[in-house]
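Okay, so here's the structure we're looking at.
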Amino acid sequence: AQTVTQSQPEMSVQEAETVTLSCTYDTSESNYYLFWYKQPPSRQMILVIRQEAYKQQNATENRFSVNFQKAAKSFSLKISDSQLGDTAMYFCAPNSGGSNYKLTFGKGTLLTVNP
Amino acid sequence: DAGITQSPRHKVTETGTPVTLRCHQTENHRYMYWYRQDPGHGLRLIHYSYGVKDTDKGEVSDGYSVSRSKTEDFLLTLESATSSQTSVYFCAIRRSGVGGELFFGEGSRLTVL
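In order, the protein sequence lines correspond to chains Z and C.
Just so you know, we're using this note's numbering here: the first sequence kicks off at 51 and counts up by one.
Just so you know, we're using this note's numbering here: the second sequence kicks off at 43 and counts up by one.
Structure, rendered in structure tokens:
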């Protein structure tokens, strides 16, 4: 079974600063995708960013970017210019590849952005 | 808006009673999923479906069954609810095409007393 480790249960950052959330995973797949999801207090699961494992270039979405190191099986999320609305639980989730596309989620990191 | 509706959104029930949660999609996607979310565990896959009448187990399937008799509906049933099944349940769909990301419903909070 695939395992996903988010080693930081909680983090905090000051508004406008940069924060990095870490994620490591274990997979036997060679081609797969990785995702970061955000869950604000509303409980809605929101896709933040997607990375394709066969692409060496790190994905970027506005203030969100990833540092993907395939050999190390590491997939960290960097949030620049943090905003109060970034306060949420963040989940790392690689998929299992193959034909069924099951996502395995980490336990999450609770990020608090302080004014 | 991913076109996913979960019902009921909140339910309180007693130990030993049957419970069915419904997930309805409006977009005709093949893959549908049921996850549960508990503090300290993230989201864990219960069951998933890859077509009408085609379902398979996830990592925490004990005590749960599912059915998918038509594309748009995926039902999760707790035959005899237990307190350990108190949780927030999320349904998700996978849109076809690149990526494989899932789009989630708003969740159903179930409390088993």
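Positions of the beta carbon are idealized from the N, C-alpha and C atoms, including for glycine.
- Here the alpha carbon of F145/C sits roughly 18 Å from the alpha carbon of L118/C.
- Secondary structure of D136/Z (DSSP, three-state): helix.
- Per DSSP, the continuous beta strand (DSSP E) segment holding A134/C begins and ends at 129 to 136.
- When the alpha-carbon of T162/Z is set against those of A143/Z, K88/Z, E102/Z, Y104/Z, the nearest one is in K88/Z.
- Annotation for P165/Z: E65 place their beta carbon closer than 6 Å to its own, counting only its chain and skipping 5 residues before and after.
- In the DSSP assignment, P144/Z is bridged to L84/Z.
- CA-to-CA, the gap between P90/Z and E148/C works out to about 12 Å.
- At least one C-beta of chain C is nearer than 9 Å to the C-beta of M95/Z.
- Here V116/Z is bridged, per DSSP, to L127/Z.
- Burial state of A122/Z is exposed, judged by a 10 Å Cβ sphere holding fewer than 16 other Cβ atoms.
- Annotation: the continuous beta strand (DSSP E) that includes C65/C extends over 61 to 67.
- C-alpha of H71/C to C-alpha of K112/C: approximately 11 Å in a straight line.
- A123/C and R64/C have their C-alpha atoms spaced approximately 16 Å apart.
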